[in-house]
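Engineer:
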Amino acid sequence: MKRILLLLAVLAAVAGCRNNETKNPENMSTSKPLSEVAGRKNFGPEHALVTTPQPCVMIATWDKDRNPDVMMAAWAGQYDYKEIVISLSKHKTTENLDLTGAFTVSFADERTVAESDYFGLVSGNKVPDKVAKVGFTVTPSPNVDAPIINEYPLTLECRVVRFENGCLIGEVVNMSADKSILNEQGKIDLGLLKPIVFDASGMCYRSLGEVVGKAWGAGKVFAE
Numbered sequence: 003m004k005r006i007l008l009l010l011a012v013l014a015a016v017a018g019c020r021n022n023e024t025k026n027p028e029n030m031s032t033s034k035p036l037s038e039v040a041g042r043k044n045f046g047p048e049h050a051l052v053t054t055p056q057p058c059v060m061i062a063t064w065d066k067d068r069n070p071d072v073m074m075a076a077w078a079g080q081y082d083y084k085e086i087v088i089s090l091s092k093h094k095t096t097e098n099l100d101l102t103g104a105f106t107v108s109f110a111d112e113r114t115v116a117e118s119d120y121f122g123l124v125s126g127n128k129v130p131d132k133v134a135k136v137g138f139t140v141t142p143s144p145n146v147d148a149p150i151i152n153e154y155p156l157t158l159e160c161r162v163v164r165f166e167n168g169c170l171i172g173e174v175v176n177m178s179a180d181k182s183i184l185n186e187q188g189k190i191d192l193g194l195l196k197p198i199v200f201d202a203s204g205m206c207y208r209s210l211g212e213v214v215g216k217a218w219g220a221g222k223v224f225a226e
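101 is the number that our numbering gives to position 99 of the sequence shown; each next residue is one higher, with no gaps.
#1: Check Asn145 in the structure and name its three-state DSSP category.
#2: For the candidate residues Pro70, Ser37, Asp82, whose alpha-carbon lies nearest to that of Asn127?
#3: Beta carbon of Ala116, beta carbon of Val59: below 9 Å?
#4: Tell me the rounded alpha-carbon separation between Ile183 and Lys66.
#5: On the three-state DSSP scale, how would you describe Thr54?
#6: Is the beta carbon of Leu210 less than 9 Å from the beta carbon of Ala179?
#7: Name the residue from Thr102, Val107, Lys94, Glu97 whose alpha carbon lies nearest to the alpha carbon of Trp77.
#8: Taking the alpha-carbon positions, what's the Phe200 to Val133 distance?
#9: Looking only at DSSP bridge pairs, what is Gly79 linked to?
#10: So, are the CB atoms of Val39 and Phe105 less than 9 Å apart?
#11: Helix, strand or coil: how does DSSP classify Pro27 here?
#12: Hey, quick one: how far does the alpha helix (DSSP H) through Asp119 stretch, first residue to last?
#13: Would you list the one or two residues that DSSP bridges to Thr95?
#14: Between which two residues does the alpha helix (DSSP H) containing Leu194 stretch?
#15: Excluding five sequence neighbours on each side, which residues of the same chain lie with their C-beta closer than 7 Å to the C-beta of Phe121?
#16: Excluding the 5 residues preceding and the 5 following Cys160 in the sequence, name in chain order all residues of the same chain whose CB lies nearer than 8 Å to its CB.
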């Protein structure tokens, strides 16, 4: 699980949860002019999060009529070994979470860019059949009360731990993967999944790049 959730873990430090502290005047930035950083261009604190690519996680839930609903979220990260955290404002998804206490998380990839972007553009309150509209299908999760979107090959089945102040924490009950993204050793291969990330600085989606080094290995050259 630790290795497969690496995509989320890399961005956990910048995952944003809207909380009451941000509304405290003592925590707000002052009007004091910023000092220039030598050799760099300042952008101010409002760009603290948007310049880092963020995972395009697809949250799927059942609504009150048992229609599947999916939304895209970018502010997500690993919270603990078996828990994830997602920052959410009020959506149909949050209403569904109150009903079922469960959700699934999948990952948008190169093959599903248009469909995934559509799920982020259109509210399930206005288009309750938006999953079917793009031609996607669902399978009820056998482990939590939430739908699995069949067209996303990697899915985390999650139970709500808590949701408060816009911060959703979910326990990962199970992770399932389609055989199409497994390597010869039977492990999940992100090179086969080809997930995309959201680049808020360029307002675009980017594909996850090639392997450039071995984790917990590349730095050993400095230890020798």
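Glycine residues also receive a C-beta, built at the ideal position from the N, C-alpha and C atoms.
What you are looking at is a predicted structure, and each value in this text was computed from that prediction instead of being measured.
Structural biologist: For this structure:
#1: coil
#2: Proximity to Asn127 across Pro70, Ser37, Asp82 peaks at Pro70, based on C-alpha coordinates.
#3: Contact check for Ala116 against Val59 fails: the beta carbons are separated by 9 Å or more.
#4: 33 Å
#5: coil
#6: Cβ distance not < 9 Å, so Leu210 and Ala179 don't count as in contact.
#7: Val107
#8: 21 Å
#9: In the DSSP output, where bridge partners are listed per residue, Gly79 has Val87.
#10: no
#11: Summary for Pro27: the model assigns pLDDT 44, below 50, so the residue's position carries little reliability; its value from the coordinates is reported in the next sentence. Note: Pro27 maps to helix in three-state DSSP.
#12: 115-123
#13: Note: Thr95 sits in no beta bridge, so no partner.
#14: 192-195
#15: Met60, Val72, Met73, Met74, Lys132
#16: Ile86, Ala104, Phe105, Thr106, Val107, Val146, Ala148, Gly172, Glu173, Val174, Val175
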